[in-house]
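Here is the structure we will look at.
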Amino acid sequence: MSSEHNILCIEDEADIQEIIAYNLERAGYTVTLANDGIKGLELAQTKHPDLILLDIMLPGLNGMQVCERLKADPKTQLIPIIMLSARSEEADVIGGLSRGADDYMTKPFSQAELLARIKVALRRKPNPNILSMGSLLLDLDAYHCSLNGKMLKLTTTEFKLLHTLMAQPGRAFSREQLILSALGEQSEVVDRNVDVHIRGVRKQLGEAASAIETVRGVGYRCDPNYTKTLANEAP
Ligand code: CA
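The sequence shown begins at -10 in this note's numbering and counts up one residue at a time.
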């Protein structure tokens, strides 16, 4: 295989790590290894691997916490993750999948199957039409928005405003800019109505309402640090 794909394997059991590294390298992959969650997270952020194999029971941060943080960070959120679990951790795996992991394998697994799953995950293109901030997901194809897996009922205007804000976290938009980017010049929404629509969005967001910040004298912005807060607070 002529693949230059780099795979990060976060696994604390030395013998499993060794077998995986041996087989992946033989299949033409470059392999980076981490023995604990904190080191794994750091390597994911600095090395930008093409795929991550993530054990669940890890020292430092466990696999679920690592997964959550990777998926909350725009720099790492598109990297496919395959969770590796012991049979007794299958309940945790469901949590991993709901936190954005792409696949999982239960130990012991065959190396041939692992290679096959890796190929599939690498082929799957991330969907650029899904924006996320922590567990807040905005699906631009299906036109729906969910928080912690629960569908929110946004009006079309609210959806468009949230989309504009989430597309550029940290950027402050004036009310006029928001109307222009989110709704276009033909919009009948006027400046002061933006506040009403934003209030509507916040109401739907409930506990996550503070993800949309009011910027005094300017307008609104998506809090770029909000995803971190959400990731840390989640169970
Ligand atoms: Ca382990």
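Cβ coordinates follow ideal geometry from the N, Cα and C atoms, glycine included.
Any 3 or more C-beta pairs closer than 8 Å across the stretch 157 to 164 and the stretch 88 to 106: no
Nearest neighbour of residue 282, chosen from -6, -1, 1, 29 [CA to CA]: The requested residue 282 is not part of the displayed model; the chain covers only -10 to 224.
DSSP bridge partner residues for residue 162 (one or two, in chain order): 209
Nearest to residue 213 (by Cα), restricted to the options 77, 104, 105, 121: 121
Counted within 10 angstroms of its Cβ, other Cβ atoms place residue 132 as buried (16 or more) or exposed: With fewer than 16 other Cβ atoms within 10 Å, it is exposed.
Residues bridged to residue -5 (per DSSP): 19
Distance, residue -3 Cα to residue 299 Cα: Residue 299 is absent from the model: the chain starts at -10 and stops at 224.
Residue span of the beta strand (DSSP E) that contains residue 140, given as start and end: 139 to 141
Residues bridged to residue 133 (per DSSP): In DSSP, residue 133 forms a bridge with 128.
Counted within 10 angstroms of its Cβ, other Cβ atoms place residue 74 as buried (16 or more) or exposed: buried
Heavy atoms of ligand 1 versus C-beta positions, residues under 6 Å: So the residues near ligand 1 by this Cβ test are 1, 2, 44, 46, 47.
Contact belief for residue 43 with residue 83 at Cβ below 8 Å, rounded distance in angstroms: The C-beta separation of residue 43 from residue 83 comes to about 15 Å, leaving the pair out of contact by the 8 Å criterion.
Neighbour-count burial assignment, residue 72, 16 or more Cβ in a 10 Å radius: buried
Beta-carbon gap between residue 55 and residue 17 smaller than 8 Å: no
Beta-carbon gap between residue 24 and residue 1 smaller than 8 Å: At a Cβ-Cβ threshold of 8 Å, residue 24 and residue 1 count as neighbours.
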